[in-house]
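**Q** According to this note's numbering, the sequence shown holds residues 193 to 411 in order.
Note that the Cβ used here is the ideal one computed from N, Cα and C, for glycine as well.
Owing to the predicted nature of the structure, the values given are computational and were not obtained by experimental measurement.
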Amino acid sequence: VFGTFNVRSGLVASVHSFAQSEVGPYFLVLLGAVVVASIVLMVWRLPRMHADYEFESLVSRETGLILNTYVMVAIALVVLGGTLFPVFSELFRNVRITVGPPFYDDVVGPLLIIMVTLISVGTILPWRKAAPGLLRRRFTLPLALTALVTIALAVLGIRDPFALAGLAAATLVLVASAREYALGTRAIHAARRSSWPGAFGSMFNRDPRRYGGYLVHIG
């Protein structure tokens, strides 16, 4: 809604902007209504927003989810700040200064790499808490494969640190997701004595939110 308000009202100059129109104020009212309704719903449902168990350890999947949420909020704030920077610069300095793609590459790029890395770490970490031995068993193979792929990419000529870091993070996501699919398929195959393709398909029927989520991570 806010993006539509921007391009329809002419608040920020953009290649996506439409001709000046009178619908901007209507979108502003809609945006305010959405914000107010969201706050009301959050306050109303706050008593129900609690965990079924106590937070036990910082080394857990819960911590990964929380940290990733913070990173996504930071990305949203950076994009919002960069989008509205011309408005604020004109308001306070009487000159419209626009930030370009290099700003988003330099600021949002590292945050995206952190986000993708945390997605992988959160996928591998167990819920609630993890013993050192369990962490070693879960992380050894994904980290080793990621290191090998990163070294191979560097040997093939990729030298940019950000590119290597991004590709390493993406590789870790692929390996972590593939590991979860392999473990799930093996468990169903052993329990039901079904074929491997059948076990793989049953995995999605058994827990579509979990294994569908891994597809989102891969995407």
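Only counting the same chain, and skipping five residues up and downstream in sequence, which positions put a Cβ closer than 8 Å to that of THR363?
**A** Within the sequence shown, the letter at position 171 stands for residue 363. Cβ neighbours of THR363 beyond the five flanking positions: LEU337, THR338, VAL341 and THR342.
**Q** Which residues bound the alpha helix (DSSP H) around ALA391?
**A** Here residue 391 refers to the residue found at position 199 of the sequence shown. Taken as a continuous stretch (DSSP letters only), the alpha helix (DSSP H) holding ALA391 covers 388-398.
**Q** Do the stretch 341-360 and the stretch 266-285 touch if we need at least three Cβ pairs shorter than 8 Å?
**A** Under the three-pair Cβ rule at 8 Å, the stretch 341-360 does not count as touching the stretch 266-285.
**Q** Of the choices LEU333, ARG288 and VAL232, whose alpha-carbon is the least far from that of LEU366?
**A** What you label residue 366 is simply residue 174 of the sequence shown in a count that begins at 1. For the options LEU333, ARG288 and VAL232, the alpha carbon positioned closest to that of LEU366 is the one of LEU333.
**Q** Looking only at C-alpha atoms, which of GLY358, TYR218, ILE410 and SER387 sits nearest to ASP297?
**A** What you label residue 297 is simply residue 105 of the sequence shown in a count that begins at 1. If we check each option's Cα against that of ASP297, GLY358 comes out closest.
**Q** Rounded to whole angstroms, what is the Cα-Cα separation between PRO274 and ALA323?
**A** Here residue 274 refers to the residue found at position 82 of the sequence shown. Here residue 323 refers to the residue found at position 131 of the sequence shown. A small fix is needed here, since residue 274 is Gly in this sequence, not Pro. Computed Cα separation, rounded: 42 Å.
**Q** Here's a check: name, in chain order, each residue in its chain whose Cβ is nearer than 7 Å to the Cβ of VAL226, leaving out the five neighbours to either side.
**A** Residue numbering aside, residue 226 sits at position 34 when the sequence shown is read from its first letter. So the qualifying residues of the chain are VAL193.
**Q** So, helix, strand or coil for SER230, using DSSP?
**A** Taking the first residue of the sequence shown as 1, we reach residue 230 at position 38. SER230: helix per DSSP, three-state reduction.
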